[in-house]
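S.K.: Residue numbers (the UniProt record's numbering): 1 to 298.
Below is the structure:
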């Protein structure tokens, strides 16, 4: 089995599309098709079922995929060891989220840009389930998660830090007066609620908690980004639960105030990759620097 055929097979198996695989590998689609047929011929088995415009792995393809990934990773590791370049290099596809990319990871991205220019970072904004699936499929090399659980099937996980949350509103909000020493969940269900999109762990857990104190399912005014959610809260449209790191500036200058409500759940920022995956040197460097950065941030 030729390495290049396994690389093509792994890409098609990951994206389940000959067209997309050809685009990502920078091949003509006919080349991808012929390489898959050559691999099937050499093995004497069919690796994909063709279902009209869709494809899926056969049982033989499912069995081959983990071996193909191991062979590809070992090949890359061997090449790096033999070439022995002093400077780390390679492409790293990273699953992340707005709250981390914009508010925690800027120093890390600057470090790699200036000190390790040979490492090409591709940051892919996705949330929980989508990030985990992409890691398991090998679409992402590593990914950041912000979750309550720290164990995820099929993934190696390093918890980086507990991620404090802040319930915020505009100054002058009725639940933010000096006389208000504590706010209950029951108080919140009667208030206009602002949130980012579903699928974000802290939004989903907040909604779950509110629904335990509400006779009817709570509803949110949804915004596409954390920035838009913060602006809406500062304008007096309602209250929002967000990672404290994302609202630190607004709390400091008085554009937002924190309400005295303690979330009954804890989230942890984590870094994950597929179980059994041998991280190449530039990926190990990224993991090491990410751990160091978050530890310094406290």
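Ideal Cβ positions, reconstructed from N, Cα and C, are used throughout, including at glycine.
As the structure is a computational prediction, the values presented were derived from the model and not from experiment.
(1) Where residue 162 and residue 206 are concerned, what is the direct C-alpha to C-alpha distance, given to the nearest angstrom?
(2) Looking at residue 121: is its Cβ nearer than 7 Å to the Cβ of residue 293?
(3) For residue 10 and residue 65, which I take to be in contact (beta-carbon distance under 8 Å), what is that distance rounded to the nearest angstrom?
(4) Can you have a look at residue 53 and say buried or exposed, based on whether 16 or more other CB atoms are within 10 angstroms of its CB?
(5) To test your reading of the DSSP string, which unbroken alpha helix (DSSP H) runs of 4 or more residues are found completely within the region 170-235?
(6) Name the DSSP beta bridge partners of residue 239, please?
(7) Does the region 99-113 come close enough to the region 241-255 that 3 or more CB-CB pairs lie under 8 Å?
(8) Which residues mark the beginning and the end of the alpha helix (DSSP H) in which residue 265 is found?
(9) Give me the Cα-Cα distance between residue 278 and residue 180, rounded to the nearest whole angstrom.
(10) Determine the DSSP secondary structure at residue 22, reduced to helix, strand or coil.
(11) Within the chosen definition, does the region 32-44 reach the region 153-161 through at least 3 CB pairs nearer than 8 Å?
(12) Quick one: grab the DSSP three-state call for residue 337.
(13) Cutting at 7 Å between CB atoms, please list the residues of its own chain near residue 13, excluding the five before and the five after it.
(14) Could you check where the alpha helix (DSSP H) with residue 136 kicks off and where it finishes?
(15) Taking buried to mean at least 16 other C-beta atoms within 10 Å of its own C-beta, is residue 49 buried or exposed?
(16) Do residue 256 and residue 250 come within 7 Å of each other at the CB atom, strictly closer than that value?
(17) Do residue 178 and residue 259 count as a contact pair if the criterion is CB distance below 7 Å?
(18) At which residues does the alpha helix (DSSP H) containing residue 300 begin and terminate?
(19) Counting pairs of Cβ atoms below 8 Å between the region 190-197 and the region 220-227, do you hit three or more?
M.R.: The structure says:
(1) By one-based count along the chain shown, residue 162 stands at place 162. By one-based count along the chain shown, residue 206 stands at place 206. Using only the alpha carbons, I get a separation of about 17 Å.
(2) On the chain shown, position 121 is the one that residue 121 refers to. On the chain shown, position 293 is the one that residue 293 refers to. No, the Cβ-Cβ distance between residue 121 and residue 293 is not below 7 Å.
(3) To locate residue 10, count along the chain shown from 1; it is residue 10. To locate residue 65, count along the chain shown from 1; it is residue 65. Confirmed, Cβ separation roughly 7 Å.
(4) Reading the chain shown from its first residue, position 53 is the one you call residue 53. With fewer than 16 Cβ atoms within 10 Å of its Cβ, residue 53 is classed as exposed.
(5) 185-188, 201-211 and 226-234
(6) Here residue 239 corresponds to residue number 239 of the chain shown, with the count starting at 1. Answer by DSSP bridge pairing, in chain order: 193.
(7) yes
(8) The residue you call residue 265 lines up with position 265 of the chain shown. That residue, residue 265, is in no alpha helix (DSSP H); it is neither H nor E in DSSP.
(9) Along the chain shown, one-based indexing puts residue 278 at 278. Along the chain shown, one-based indexing puts residue 180 at 180. Spanning the two alpha carbons is a distance of roughly 53 Å.
(10) Taking the first residue of the chain shown as 1, we reach residue 22 at position 22. In this structure, residue 22 counts as helix in the three-state DSSP scheme.
(11) no
(12) The question about residue 337 has no answer here: the residues shown for the chain are numbered 1 through 298.
(13) Residue mapping note: residue 13 aligns to position 13 of the chain shown, counting from 1. So the qualifying residues of the chain are 57, 61 and 65.
(14) Taking the chain shown and counting its residues from 1, one reaches residue 136 at position 136. Residues 128-137.
(15) In the chain shown, the residue the question calls residue 49 occupies position 49. The residue is exposed, with fewer than 16 neighbouring Cβ atoms inside 10 Å.
(16) For the purposes of this step, residue 250 is taken as residue 250 along the chain shown, with counting starting at 1. For the purposes of this step, residue 256 is taken as residue 256 along the chain shown, with counting starting at 1. Yes, the pair counts as a contact, with Cβ atoms nearer than the cut-off.
(17) The sequence position of residue 259 within the chain shown is 259, counting from 1. The sequence position of residue 178 within the chain shown is 178, counting from 1. Contact: no.
(18) Outside the modelled stretch of the chain, which goes from 1 to 298, sits residue 300, for which no answer is possible.
(19) yes
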